[in-house]
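Engineer:
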Amino acid sequence: MKVSVKSKKCKESEGLIVSLFEDSLEIKNPEIKKMVDYLSKNEKFLGKSGEVYNYTREVEGRIQDVILLGLGKEDKCTLEGIKVNLSKAYKKAKELKINDLVVRMIVTDKFDVCERAKAMTVSLILSDYKFDKYKSSNKEEKEVLVSLSGCSIDNSKLDAIKEAVKEGENIAEGIIIARDLVNEPANVMYPEVLANSVTKLGQEYGFQVEVLGKEKIEELGMEAFLTVGKGSIREPKLIVMRYFGDESNKENVTGLVGKGLTFDAGGYSLKPSTSMDTMKSDMGGAAAVAGTMALIAKRGLKVNVISVVAACENMISGGAYKPGDVIGSMQGTTIEVLNTDAEGRLTLADAVTYIQEKENVKEVIDLATLTGAALVALGDTTTAILSNDDKFFNEIEEASLKCGEKLWRLPAFDEYRELIKSDIADIKNIGGRYAGTITAGLFIEKFIKEGTSWIHMDIAGTAWTDSPKPYKAKGGTGIPVNTLYELLKERSSK
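Residue numbering for the sequence shown follows the numbering used here, beginning at -6 and increasing consecutively.
1. Does the distance from the CB of A335 to the CB of I423 come in under 7 Å?
2. Please list the terminal residues of the continuous beta strand (DSSP E) segment that includes E356.
3. Taking Cβ to Cβ, would you say K4 is nearer than 7 Å to V52?
4. If you draw a straight line from the C-alpha of G278 to the C-alpha of S460, how long is it?
5. In the DSSP assignment, find the beta strand (DSSP E) that holds M257 and state where it starts and stops.
6. At what residue ranges does the stretch 251 to 318 contain a whole run of the beta strand (DSSP E), taking only runs of 3 or more?
7. Are the Cβ atoms of V302 and G251 separated by less than 7 Å?
8. For the candidate residues E240, K69, S446, N35, whose alpha-carbon lies nearest to that of K355?
9. Curious, which full-length alpha helix (DSSP H) runs of at least 4 residues does the stretch 77 to 137 contain?
10. Can you round the beta-carbon distance between N78 and I60 to whole angstroms, since I take them to be within the 8 Å contact cut?
11. What beta strand (DSSP E) runs, 3 residues minimum, are completely inside the stretch 161 to 242?
12. Evaluate the contact criterion for the stretch 280 to 299 versus the stretch 312 to 323: three or more CB pairs, one atom per stretch, below 8 Å.
13. Determine the extent of the beta strand (DSSP E) in which V50 is found, giving its start and end residues.
14. Following the continuous beta strand (DSSP E) through M323, name the residue where it begins and the one where it ends.
15. For A280 versus A171, is the C-beta distance shorter than 7 Å?
16. Starting from L394, trace the beta strand (DSSP E) both ways and give me its first and last residue.
17. Which residues mark the beginning and the end of the alpha helix (DSSP H) in which M(-6) is found?
18. In whole angstroms, what is the alpha-carbon distance linking N387 and L477?
19. So for V330, helix, strand or coil by DSSP?
20. Check A377 in the structure and name its three-state DSSP category.
21. Name, in chain order, the residues that DSSP records as bridge partners for M450.
22. In the DSSP output, which residue or residues are listed as bridge partners for Q57?
23. In the DSSP output, which residue or residues are listed as bridge partners for K159?
24. From this set, K159, G321, Y236, Y122, which residue's C-alpha is nearest G418's C-alpha?
25. Taking the alpha helix (DSSP H) that G429 falls in, what are its first and last residues?
26. Count the other CB atoms within 10 Å of the CB of N498; is the residue buried (16 or more) or exposed (fewer)?
27. What is the DSSP secondary structure of T71, counted as helix, strand or coil?
28. Check the DSSP bridge columns for L141 and list the partner residues they point to.
29. I'd like to know whether the C-beta atoms of D343 and A217 end up nearer to each other than 7 Å.
30. Between which two residues does the alpha helix (DSSP H) harbouring G424 extend?
31. Drop a sphere of 10 angstroms on the beta-carbon of D121, count the other beta-carbons inside from all chains shown, and report buried for 16 or more, exposed for fewer.
32. Would you call the CB atoms of R227 and E306 closer than 7 Å?
33. For the beta strand (DSSP E) that contains S12, what are its first and last residues?
34. Let me confirm a value: V319 is counted as buried when at least 16 other C-beta atoms fall within 10 Å, else exposed. Which label applies?
35. What is the DSSP secondary structure of T445, reduced to helix, strand or coil?
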């Protein structure tokens, strides 16, 4: 899809999307206004949130499809609401096979026109996304041309609006990178391929990539990470990404650590076959990190970011680890393994140790499809958060509010830490039936050094969707690329 900003007349396109608020069904075009007045009078279109109505009109001897989109009450409008509702209108445009589309700029004083343009661009591009490269009947579709237009576009702000659209395109591109990596089948996307894919992204977008193989990982003493991968014939890879956009302040570095299980069968604590096919998504954290690195490099943010992914598979074989095993870690903490399907925290333990010890990072965000308990507690709309730093958490919460990727902070009381104490080792890798998301996060906390600011993002419920949603196709969602970008963008501006 190509999105542009131009003063293209409505009548020049195949299709037109007009967005209206429920409490203000006003539009300057007299012909469309007449239709809106008729529809509202007959209660066929009232402008309610998500309401879509389409009709066909003749314009200078041509047929044009007009799609009316309801935005609900203006005082309830949010940027996320704009993205969700616009996605519904675009879905209708796709059904009508419109390839040349004018989208009238949404008019409201609640948000700056550039914020609106960015949100609309992200929504349109992500709504057009699909992963169908393996369909043998796949035919190359004509590229959709979208023009943001309207009398509300002030010519004095035209350059700023175009830049906002460009930023929206870049954000969508970063999210799509993450989606594509997650959606690849596990027989294609294994640790070596993930490492190669990230290396290519680094070359294309402008960040450094270093890949460490099994021998080097062994030298580093990353026993917890290596143990998880023992059951697979695929060699584990430690992928390190570095972006230095603020050369004058190289000591100030944000660390990102993404869980990179390219497939998780659960090991001997085998997962049920009914849901195992989606476990190609267990590298959603790694994919989001890669998408974020590409995005911040593309935007040239004035920040320094180092990211680490411990990539492996969790499989069954004669050499795989077993429930009851006691293993070591890079940090030195010993771990009693009570469940081999609680493997992500083992790889993350060594990954967060590495980024602190070898990269000297003092601020770490780990993101992982870690626990089914997160999905049970918060559903598939909200990412679970644990943090040891209120200020750091407030920053990421503010970033999430800007882009609509919801998150919620969970408590980290000492009583929860008691649940992961082991009788025969320093800690155990599960805390029992209760508070599973919290105890999993606090397991990782055991490997965070004193003085390191830390945020844990459990994206098990949000990185994947089993059914299509507005601007989210079935499969990988790319969450939380947008949140991380907004966090780093805010720092870049200071």
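The C-beta atom is built at its ideal place from N, Cα and C for all residues, glycine as well.
Structural biologist: The short version:
1. Against a cut-off of 7 Å, the Cβ pair of I423 and A335 comes out as a contact.
2. Here the beta strand (DSSP E) through E356 covers 356 to 361.
3. In contact: K4 and V52 (Cβ atoms closer than 7 Å).
4. The alpha-carbon atoms of G278 and S460 are separated by roughly 20 Å.
5. Here the sequence assigns Asp to residue 257, which means Met is not the residue at that position. In this chain, the beta strand (DSSP E) harbouring D257 covers 247 to 257.
6. As far as the stretch 251 to 318 is concerned, its whole beta strand (DSSP E) runs of at least 3 residues are 297 to 307.
7. Going by C-beta atoms, V302 is nearer than 7 Å to G251.
8. Scanning E240, K69, S446, N35 for the CA closest to the CA of K355 turns up S446.
9. Listed in chain order, the alpha helix (DSSP H) runs fully inside the stretch 77 to 137 are 106 to 120, counting runs of at least 4 residues.
10. In this structure, N78 and I60 do not form a Cβ contact; the two beta carbons are roughly 11 Å apart against a cut-off of 8 Å.
11. Here the runs fully enclosed are 201 to 205, 230 to 237.
12. Of all C-beta pairs linking the stretch 280 to 299 to the stretch 312 to 323, fewer than three are shorter than 8 Å, placing the two stretches out of contact.
13. The sequence shown places Arg at residue 50, not Val. Its beta strand (DSSP E) spans residues 45 to 52.
14. First-last for M323: undefined, no H or E at that position.
15. Against a cut-off of 7 Å, the Cβ pair of A171 and A280 comes out as a contact.
16. Following the DSSP letters along the chain, one finds L394 in no beta strand (DSSP E) but inside the alpha helix (DSSP H) bounded by residues 383 to 396.
17. No residue range can be given for M(-6), since it is assigned to no alpha helix (DSSP H) and is classified by DSSP as neither H nor E.
18. In a straight line, the C-alpha of N387 is about 13 Å away from that of L477.
19. Three-state result, V330: coil.
20. In the structure shown, A377 sits in a strand (DSSP, three-state: E or B).
21. L360, I378.
22. DSSP lists R50 as partners of Q57.
23. DSSP links K159 through a beta bridge to no other residue.
24. Going by the sequence as given, residue 418 is Ala instead of Gly. Residue G321 is the option with its Cα nearest to A418.
25. Start and end: 429 to 438.
26. Given that the chain is displayed from residue -6 to residue 487, the structure contains no residue 498 and the question cannot be resolved.
27. In this structure, DSSP gives T71 a state outside helix and strand, which the three-state scheme calls coil.
28. Partner(s): V(-2), V96.
29. The answer is yes: Cβ separation under 7 Å.
30. Secondary structure note for G424: it is in no alpha helix (DSSP H), with a DSSP letter that is neither H nor E.
31. Residue environment analysis places D121 among the buried positions, since at least 16 neighbouring C-beta atoms fall within 10 angstroms of its C-beta.
32. Note that the C-beta distance between R227 and E306 is below 7 Å.
33. Its beta strand (DSSP E) spans residues 8 to 13.
34. Counting Cβ neighbours within 10 Å, V319 comes out exposed, since fewer than 16 surround it.
35. Residue state, collapsed to three classes: coil.
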